[in-house]
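Engineer:
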Amino acid sequence: MHMDNEYLSSPPLPEPGVEHDQPARVAQEDLLSPSPLESADSRHIYQPGQHACPVNCAYCVITEVESRRDLWNKKTILGINKAATILNPPPDLNDKKAIQEFYDFPVELLKGDIVGFNAISDPFWPKYQDALQHFLDKVPPVAKLAVFVTKWNPSDRVLDQLAEIPNVRLTVSITGLDGLERTKTTHRLSVLRRAKKRNIQTFPIVHPYIAGMTDLSFLPELRDVGYDVIDVKGLRYNPQTMNRWMPEASQRVYQGTAEREILPEDGWREQVEAAGLHLMPPREWYRIGWDKLTPHLDQSEAQELTQKIFDRSNVTSSDSIQAVFEAAVNRRL
Numbered sequence: 009m010h011m012d013n014e015y016l017s018s019p020p021l022p023e024p025g026v027e028h029d030q031p032a033r034v035a036q037e038d039l040l041s042p043s044p045l046e047s048a049d050s051r052h053i054y055q056p057g058q059h060a061c062p063v064n065c066a067y068c069v070i071t072e073v074e075s076r077r078d079l080w081n082k083k084t085i086l087g088i089n090k091a092a093t094i095l096n097p098p099p100d101l102n103d104k105k106a107i108q109e110f111y112d113f114p115v116e117l118l119k120g121d122i123v124g125f126n127a128i129s130d131p132f133w134p135k136y137q138d139a140l141q142h143f144l145d146k147v148p149p150v151a152k153l154a155v156f157v158t159k160w161n162p163s164d165r166v167l168d169q170l171a172e173i174p175n176v177r178l179t180v181s182i183t184g185l186d187g188l189e190r191t192k193t194t195h196r197l198s199v200l201r202r203a204k205k206r207n208i209q210t211f212p213i214v215h216p217y218i219a220g221m222t223d224l225s226f227l228p229e230l231r232d233v234g235y236d237v238i239d240v241k242g243l244r245y246n247p248q249t250m251n252r253w254m255p256e257a258s259q260r261v262y263q264g265t266a267e268r269e270i271l272p273e274d275g276w277r278e279q280v281e282a283a284g285l286h287l288m289p290p291r292e293w294y295r296i297g298w299d300k301l302t303p304h305l306d307q308s309e310a311q312e313l314t315q316k317i318f319d320r321s322n323v324t325s326s327d328s329i330q331a332v333f334e335a336a337v338n339r340r341l
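Okay, here's the thing in structure tokens:
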């Protein structure tokens, strides 16, 4: 299989047994030089072949999937699905209007919700450290949960800060696609271990699973580290941007799927079971200990706030708008 060199470059691995105060890094120029996303005077500038963060996933749902790219190019401040509402800082931090929109966002609209940070990039990219701090200061006090989904290798300092906030939940996307991502399975396992050590409630997810490419050999190690639940999600396939690195046999699985999220039954489920792990969707995992989470709103307030969020948001779920609205109301109750 031919794979563009862009997808084969990788950051240095952390030294074994050494705690790092800085995340594992990609090539220095990727962090220090202006990226294509920061070069235009617009919030909505995603293009094919660019990347939303230095993890540089070859299958990036923000830049490489046309329907998702068009969606986020219309609005980026908020996304909403059946699991959470996501508050995003702008991709261009030099866009004063867009960054002010983020900092001025009325967080009271998030009361009682499950709220994620930065679904259009990685929440722990150091570029966004000021926006992350703002989110941590403002959102956990009003939300039921503040949630993060990452492929990064955040510093111990960041994890220590998360550990101090009881209603934080961390999801680590561990895909077994080391040839397509600049942070590796080794990095994700390190994050999962370090989060477990700090008693951060953390959830591993395989997202995306790609037929014929995803290596799930890490699953038994998850169990050894102390995790017993996981979720597996599929791929949104765009032949124009993904054929250059995807084997022909894998392409056949996704042909004609029109960028719907596809999760084939090709043996991954049996591997999960063999590793002693149980499948659970994130929205169910978030509800563990639900009665102890606050605030719980009444139906009227929950519907009113949810409608105000919908007026500002992209609906990023493949489910119906009505189903997403009902789920968003219910998680505030």
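Quick note: the sequence shown uses my numbering, first residue 9, plus one each step. Ideal Cβ positions, reconstructed from N, Cα and C, are used throughout, including at glycine. From a predicted model like this one, the values you see are computed outputs, not experimental measurements.
Grouping DSSP H, G and I as helix and E and B as strand, with all else coil, what is D232?
Structural biologist: Along the sequence shown, read from residue 1 onward, the residue named residue 232 stands at position 224. Helix, per DSSP.
Engineer: How many angstroms separate the CA atom of Q141 from the CA atom of V147?
Structural biologist: Locating residue 141 in the sequence shown gives position 133, where the first residue counts as 1. Locating residue 147 in the sequence shown gives position 139, where the first residue counts as 1. Each residue's alpha carbon lies about 10 angstroms from the other.
Engineer: Label Q330 either buried or exposed according to how many other C-beta atoms from any shown protein chain fall within 10 Å of its C-beta, with 16 as the threshold for buried.
Structural biologist: Within the sequence shown, residue 330 is the residue found at index 322, counting from 1. Looking at its Cβ environment, which holds fewer than 16 other Cβ atoms inside 10 Å, Q330 is exposed.
Engineer: Along the chain, where does the alpha helix (DSSP H) that runs through A257 open and close?
Structural biologist: Translated into positions along the sequence shown, residue 257 becomes position 249. E256 to Y262 is the extent of the alpha helix (DSSP H) around A257.
Engineer: With C-beta atoms as the reference, is S258 less than 8 angstroms away from M221?
Structural biologist: The count along the sequence shown starts at 1 and reaches residue 258 at position 250. The count along the sequence shown starts at 1 and reaches residue 221 at position 213. Against a cut-off of 8 angstroms, the Cβ pair of M221 and S258 comes out as a contact.
Engineer: Smallest Cα separation from L224: which of N246, T158 and T193?
Structural biologist: For the purposes of this step, residue 224 is taken as residue 216 along the sequence shown, with counting starting at 1. The shortest C-alpha separation from L224 is found at T193.
Engineer: Tell me which residue opens and which closes the alpha helix (DSSP H) that D145 is part of.
Structural biologist: As a working note, residue 145 is residue 137 in the sequence shown. D145 -> alpha helix (DSSP H) spans Q137 to K146.
Engineer: Give me, in chain order, the residues of the same chain whose beta-carbon lies closer than 7 angstroms to that of A203; leave out the 5 immediate sequence neighbours on both sides.
Structural biologist: Against the sequence shown, residue 203 aligns to sequence position 195. Correct list, in chain order: L167, L178 and T210.
Engineer: Give me the DSSP bridge partner(s) of T210.
Structural biologist: Residue mapping note: residue 210 aligns to position 202 of the sequence shown, counting from 1. In DSSP, T210 forms a bridge with L178.
Engineer: So, with DSSP's three-state summary, where would you put N338?
Structural biologist: Translated into the one-based positions of the sequence shown, residue 338 becomes position 330. Correct three-state label for N338: helix.
Engineer: Could you give the DSSP three-state label for T84: helix, strand or coil?
Structural biologist: Here residue 84 refers to the residue found at position 76 of the sequence shown. Three-state DSSP puts T84 in coil, outside helix and strand.
Engineer: Hey, out of R340, L188 and A171, whose CA is closest to P62's CA?
Structural biologist: As a position in the sequence shown, residue 62 is number 54, starting the count at 1. The residue with the shortest Cα to Cα distance from P62 is L188.
Engineer: Over the uninterrupted alpha helix (DSSP H) stretch that includes V199, give me the two end residues.
Structural biologist: Stepping through the sequence shown from its first residue, residue 199 is reached at position 191. Residues T193 to K205.
Engineer: Helix, strand or coil for R291, going by three-state DSSP, please let me know.
Structural biologist: Here residue 291 refers to the residue found at position 283 of the sequence shown. Helix, per DSSP.
Engineer: In whole angstroms, what is the alpha-carbon distance linking D236 and D103?
Structural biologist: The residue given as residue 236 occupies position 228 in the sequence shown. The residue given as residue 103 occupies position 95 in the sequence shown. Near 43 angstroms, if we compare the C-alpha coordinates of D103 and D236.
Engineer: With 16 other CB atoms within 10 Å as the buried threshold, where does S181 fall?
Structural biologist: Residue mapping note: residue 181 aligns to position 173 of the sequence shown, counting from 1. Per the 10 Å Cβ criterion, buried.
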